[in-house]
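Heads up: the structure comes next, in structure tokens.
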Amino acid sequence: MSDPSLTARYNNPKKRSLPKKTRNWLIAAALSVGVAGAAYFGFSNYTAIQAQDIEFEVVSATQAKAIVAVEYNAKHRVQCDIRAMNESKAIVGYETVLLDPGEATGHITQRLDVDLHTDNLATTVGVESCYEVPQEYKG
Numbered sequence: 002m003s004d005p006s007l008t009a010r011y012n013n014p015k016k017r018s019l020p021k022k023t024r025n026w027l028i029a030a031a032l033s034v035g036v037a038g039a040a041y042f043g044f045s046n047y048t049a050i051q052a053q054d055i056e057f058e059v060v061s062a063t064q065a066k067a068i069v070a071v072e073y074n075a076k077h078r079v080q081c082d083i084r085a086m087n088e089s090k091a092i093v094g095y096e097t098v099l100l101d102p103g104e105a106t107g108h109i110t111q112r113l114d115v116d117l118h119t120d121n122l123a124t125t126v127g128v129e130s131c132y133e134v135p136q137e138y139k140g
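Quick note, the sequence shown lines up with residues 2 to 140 if you use my numbering.
Here it is as structure tokens:
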């Protein structure tokens, strides 16, 4: 059992460890990379487009209206999806609205009045999502 090759392989008493200063620098570098990566992923998902339901009205079993406010950067082209749902949360109407960039600058809030055709009687109508689309997007 005291074969020198086994002792060298599994229990080498002359194991070299990193100097304490080098080890501390490596730990600090790894933590810095981790914090920078978390900050990047946290801020890269940030979108400056916000949509809010203001009001909705169910006109009939085949028609509904929604009023939504969309805040976005005026130089971007934005697309918003408005949906109507029935009492079992099934989508019964859907409309896509494309907001082209205008002459204004900075963040603007635009109020949208949207008429939706519905397949069944809707119980709720509102904005599903708003997102930036490329300038050359035809919609």
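We treat Cβ as the ideally placed atom computed from N, Cα and C, and that holds for glycine.
Every value quoted in this text rests on a predicted model; they were computed, and no experiment measured them.
Taking one C-beta from the stretch 48-60 and one from the stretch 32-40 each time, how about it: are there three or more such pairs within less than 8 Å?
-> Not touching, per the Cβ criterion.
Give me the Cβ distance between residue 55 and residue 69, rounded to the nearest whole Å; I'm assuming they're in contact under 8 Å.
-> Sure, about 6 Å apart at Cβ, within 8 Å.
Quick one: residues in its chain with C-beta nearer than 6 Å to the C-beta of residue 122, no 5 flanking neighbours on either side, listed in chain order?
-> The beta carbon of residue 122 lies closer than 6 Å to those of 62 in the same chain, with the five residues before and after it left out.
Applying the criterion that 16 or more other CB atoms from any shown protein chain within 10 Å of the CB defines a buried residue, is residue 110 buried or exposed?
-> With fewer than 16 other Cβ atoms within 10 Å, it is exposed.
Residue nearest to residue 128 in terms of C-alpha spacing, selected from 81, 43, 31 and 72 = Closest option to residue 128, Cα to Cα, is 81.
Does DSSP put residue 41 in a helix, in a strand, or in coil?
-> Collapsing the DSSP output to three states places residue 41 in a helix.
Proximity winner among 105, 98 and 102, relative to residue 113 (alpha-carbon distances) | Relative to residue 113, the option among 105, 98 and 102 whose CA is nearest is 98.
In terms of residue numbering, what span does the beta strand (DSSP E) encompassing residue 51 cover?
-> Judged by DSSP secondary structure, residue 51 falls within the beta strand (DSSP E) whose first and last residues are 51-61.
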